[in-house]
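Just so you know, the sequence shown maps onto residues 9 to 511 in the working numbering. Structure first, commentary second.
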Amino acid sequence: MLLAELIEKLDYEVKQGKLSVEVAGLTSDSRNVVNHGVFVAIVGAKSDGHDYLEHVIEKNVAAVIVQRGSKLPEHISDNVTVIVTENTRLALAYMAAAYYKYPAKQLFTIGITGTKGKTTTTYMIKNVLEACGIKTGLIGTIETIIGDESIPASNTTPESIKIHETFAKMVEKGIKAVVMEVSSQGLKLDRTAGIEFDIGVFTNLEPDHIGPNEHESFEDYLYCKSLLFKQCKLGIVNGDDKHTEQILDGALCEVERYGLQNTCDLYAQNINLFHENGKIGLNYECKGLMDIPIHLNLPGKFSVYNSLCAIAVTRHLGVNTDTLTEVIKDVKVKGRVELVKVSENFSLMIDYAHNAMSLKSILTTLREYKPNRLVCLFGCGGNRSKDRRYEMGKVSGELADFTIITSDNPRFEKPEMIIKDIESSLSKVTDSYITIIDRAEAIKYAIGSGKPGDIIIIAGKGHEDYQEIEGVKYPMDERTLVADAVKQLKDEGVQGLCLGMED
Numbered sequence: 009m010l011l012a013e014l015i016e017k018l019d020y021e022v023k024q025g026k027l028s029v030e031v032a033g034l035t036s037d038s039r040n041v042v043n044h045g046v047f048v049a050i051v052g053a054k055s056d057g058h059d060y061l062e063h064v065i066e067k068n069v070a071a072v073i074v075q076r077g078s079k080l081p082e083h084i085s086d087n088v089t090v091i092v093t094e095n096t097r098l099a100l101a102y103m104a105a106a107y108y109k110y111p112a113k114q115l116f117t118i119g120i121t122g123t124k125g126k127t128t129t130t131y132m133i134k135n136v137l138e139a140c141g142i143k144t145g146l147i148g149t150i151e152t153i154i155g156d157e158s159i160p161a162s163n164t165t166p167e168s169i170k171i172h173e174t175f176a177k178m179v180e181k182g183i184k185a186v187v188m189e190v191s192s193q194g195l196k197l198d199r200t201a202g203i204e205f206d207i208g209v210f211t212n213l214e215p216d217h218i219g220p221n222e223h224e225s226f227e228d229y230l231y232c233k234s235l236l237f238k239q240c241k242l243g244i245v246n247g248d249d250k251h252t253e254q255i256l257d258g259a260l261c262e263v264e265r266y267g268l269q270n271t272c273d274l275y276a277q278n279i280n281l282f283h284e285n286g287k288i289g290l291n292y293e294c295k296g297l298m299d300i301p302i303h304l305n306l307p308g309k310f311s312v313y314n315s316l317c318a319i320a321v322t323r324h325l326g327v328n329t330d331t332l333t334e335v336i337k338d339v340k341v342k343g344r345v346e347l348v349k350v351s352e353n354f355s356l357m358i359d360y361a362h363n364a365m366s367l368k369s370i371l372t373t374l375r376e377y378k379p380n381r382l383v384c385l386f387g388c389g390g391n392r393s394k395d396r397r398y399e400m401g402k403v404s405g406e407l408a409d410f411t412i413i414t415s416d417n418p419r420f421e422k423p424e425m426i427i428k429d430i431e432s433s434l435s436k437v438t439d440s441y442i443t444i445i446d447r448a449e450a451i452k453y454a455i456g457s458g459k460p461g462d463i464i465i466i467a468g469k470g471h472e473d474y475q476e477i478e479g480v481k482y483p484m485d486e487r488t489l490v491a492d493a494v495k496q497l498k499d500e501g502v503q504g505l506c507l508g509m510e511d
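Dropping the structure here:
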């Protein structure tokens with residue numbers, strides 16, 4: 009590919025060199041520069057790519073893309089073309105699309121943004137489309153899925169070059185659609201710039217990700233979310249969220265709304281909750297643009313919203329209604345209100361709730377099912393704000409009937425000290441709790457002491473399959489811990505446990 013083709017969508021100035029050179033690669037990571045490749049110098053939160061220009065130039069690059077106003081090396085070889093642009097992050101996004109021959113144009117692209125619900129909704133959409141014969145890729149918080157290949161995620165929304173590389177692989181494998189989580193950071197940092205999504209989705213908005221290295225204010229957070237609706241053909245939005253109209257301010261797309269109000273294009277009515285024989289879920293009638301009964305083996309109003317969103321999206325791809333309802337009924341997302349059947353007497357679920365906001369949401373939801381006891385097992389990560397410990401302790405103390413405080417990812421802190429911090433706030437609210445440092449033992453205790461009608465929530469780690477201690481990530485999957493606990497309890501003569509039993 010010629011350099012001129014690679015930068016065809018950019019506003020730029022040629023500081024030196026020529027555009028007719030062949031390029032052999034594209035990267036913003038100085039460690040990955042190849043001979044005759046192109047290096048894009050990005051100003052990051054922790055490092056500045058311009059500081060590595062001398063190093064990459066020594067590797068015989070064809071060109072470097074630099075940001076206007078940045079300091080450059082005094083001497084740059086005449087063999088290196090230097091391109092100056094206003095925003096190198098934006099440039100990288102456009103160049104990545106060009107380098108991989110605009111793969112997004114060969115896919116039906118669905119981007120989902122919002123504070124909560126993104127992950128579950130992406131899986132719902134993917135599962136429905138796949139069941140209807142539409143090969144679908146996924147990019148999200150837990151993993152990237154390309155056909156049969158699953159790649160663990162490091163960012164909710166990857167860097168732009170990784171996105172287009174992934175899209176290109178999907179096209180190669182005959183995938184027709186892709187559903188991806190689009191984070192506020194991804195939008196802020198131009199990771200999805202230049203992609204015209206066929207459908208953009210807004211789930212909801214609450215204060216989150218506000219801090220020195222993320223968003224300076226809630227207003228900035230909201231604004232970044234709104235950018236998705238300036239780069240999609242159709243916007244499908246939560247019509248009940250109080251921030252929806254602000255999100256749509258300046259939107260350039262057509263809009264459809266889903267929600268619980270009959271003023272929405274697609275809405276739910278007659279919602280009925282059920283909790284019996286170790287099962288928990290709900291039923292409702294979907295009305296408006298579609299008229300179908302929905303059954304969900306997932307709890308809570310947020311699951312109604314997530315499923316309505318999935319229905320609103322997939323109807324645009326002409327899916328079969330019977331297949332749609334059957335698939336949505338049994339969607340299971342690892343670590344997102346994931347029901348693990350251990351008994352017909354009580355319910356147990358695993359959830360990623362790892363801050364006060366998400367813990368309050370799941371506990372409030374589960375209280376609506378009027379359990380005999382709502383039991384909450386959680387810990388807090390080390391080397392993070394202590395406020396999170398105090399807040400989560402207070403929330404569990406106020407909303408759970410019984411709390412089991414245990415270890416999460418202690419990192420470089422002592423688990424005992426983290427637990428003491430949690431206990432200091434929880435004990436001000438209730439004395440119905442116990443502390444068990446070992447997470448496996450805590451889970452065994454929770455299951456072994458389960459009573460008829462209880463709902464047990466194991467919160468904090470969700471989809472994670474490790475525990476981080478002193479800089480080392482040790483294998484630890486909560487589904488395995490639950491299975492091991494059930495086996496031990498059954499060996500000890502505890503009755504009524506049935507892990508893995510078919511519904």
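No residue lacks a Cβ here, since even glycine has one placed at the ideal position from N, Cα and C.
Among the options, nearest to residue i - alpha-carbon criterion
{"i": "Pro379", "options": "Ile465, Glu399 and Ile118", "result": "Ile465"}
{"i": "Lys177", "options": "Leu197, Ala161 and Ile153", "result": "Ile153"}
{"i": "Asp446", "options": "Ser433, Glu472 and Leu385", "result": "Leu385"}
{"i": "Ile300", "options": "Ser315, Ile288 and Ser311", "result": "Ser315"}
{"i": "Asp156", "options": "Thr164, Val136 and Ile183", "result": "Ile183"}
{"i": "Phe354", "options": "Asn246, Val245 and Gly458", "result": "Gly458"}
{"i": "Ser369", "options": "Arg381, His471 and Glu406", "result": "Glu406"}
{"i": "Pro6", "options": "Arg39, Leu290 and Lys233", "result": "The structure shown does not extend to residue 6, since the chain spans only 9 to 511, so no value can be given for it."}
{"i": "Gln239", "options": "Thr200, Tyr60 and Ala161", "result": "Thr200"}
{"i": "Val90", "options": "Thr117, Lys54, Phe47 and Val51", "result": "Phe47"}
Span separating the alpha-carbon of residue i from that of residue j
{"i": "Ser2", "j": "Thr438", "result": "This structure gives no information on residue 2, because the portion of the chain shown stretches from 9 to 511."}
{"i": "Asp206", "j": "Ile150", "result": "23 Å"}
{"i": "Thr129", "j": "Cys317", "result": "7 Å"}
{"i": "Leu374", "j": "Ser432", "result": "25 Å"}
{"i": "Lys143", "j": "Lys134", "result": "8 Å"}
{"i": "Val492", "j": "Tyr360", "result": "Reading off the sequence, residue 492 comes out as Asp, not Val. Roughly 20 Å separates the two Cα atoms."}
{"i": "Ile430", "j": "Glu486", "result": "21 Å"}
{"i": "Glu510", "j": "Ile336", "result": "Reliability of the predicted coordinates at Glu510 is poor, the pLDDT of 43 falling under 50, and no value is obtained from them."}
{"i": "Ala49", "j": "Tyr107", "result": "17 Å"}
{"i": "Glu253", "j": "Ile279", "result": "26 Å"}
{"i": "His217", "j": "Met365", "result": "For His217, the predicted structure reports a pLDDT of 48, less than 50, and the residue's modelled location is therefore unreliable. A value from the coordinates is still provided. Roughly 12 Å separates the two Cα atoms."}
{"i": "Arg396", "j": "Ile444", "result": "19 Å"}
{"i": "Tyr231", "j": "Asp330", "result": "38 Å"}
{"i": "Lys26", "j": "Tyr398", "result": "59 Å"}
{"i": "Ser36", "j": "Asp228", "result": "26 Å"}
{"i": "Ile288", "j": "Met357", "result": "10 Å"}
{"i": "Glu17", "j": "Ala104", "result": "Sequence inspection shows Lys at residue 17; the Glu mentioned does not correspond to that position. So the alpha carbons of these two residues sit roughly 11 Å apart."}
{"i": "Glu264", "j": "Lys126", "result": "18 Å"}
{"i": "Pro160", "j": "Leu382", "result": "32 Å"}
{"i": "Lys394", "j": "Glu424", "result": "14 Å"}
Secondary structure of residue i, DSSP reduced to three states
{"i": "His8", "result": "Outside the shown range of the chain, which is 9 to 511, sits residue 8, and nothing can be said about it."}
{"i": "Phe116", "result": "strand"}
{"i": "Cys384", "result": "strand"}
{"i": "Cys506", "result": "coil"}
{"i": "Asn95", "result": "coil"}
{"i": "His217", "result": "The predicted model places His217 with a pLDDT of 48, which falls under 50 and marks its position as unreliable; any figure quoted below should be read in that light. If DSSP states are grouped into helix, strand and coil, His217 belongs with coil."}
{"i": "Gly71", "result": "According to the sequence shown, residue 71 is Ala rather than Gly. Strand, per DSSP."}
{"i": "Lys26", "result": "coil"}
{"i": "Asp359", "result": "strand"}
{"i": "Asp511", "result": "Interpretation of Asp511 is limited by its pLDDT of 39, a score under 50 that renders its predicted location unreliable; no figure is taken from the coordinates."}
{"i": "Ala467", "result": "strand"}
{"i": "Glu346", "result": "strand"}
{"i": "Arg419", "result": "strand"}
{"i": "Leu374", "result": "helix"}
{"i": "Ser351", "result": "strand"}
Bridge partner(s) assigned by DSSP for residue i
{"i": "Ile244", "result": "Val209 and Glu264"}
{"i": "Thr144", "result": "Ala185"}
{"i": "Thr35", "result": "Phe47"}
{"i": "Glu151", "result": "Pro160"}
{"i": "Gln277", "result": "Glu293"}
{"i": "Asp474", "result": "Note that residue 474 corresponds to Tyr in the displayed sequence, not to Asp. Answer is Pro483, bridged to Tyr474."}
{"i": "Lys287", "result": "Glu284"}
{"i": "Phe410", "result": "Val383"}
{"i": "Pro111", "result": "None; Pro111 has no bridge partner."}
{"i": "Pro460", "result": "Answer by DSSP bridge pairing: none, since Pro460 is not bridged."}
- Message: I want to know whether the segment 198-212 touches the segment 70-80 - three or more CB-CB distances under 8 Å.
- Response: With the rule of 3 Cβ pairs closer than 8 Å, the segment 198-212 does not count as touching the segment 70-80.
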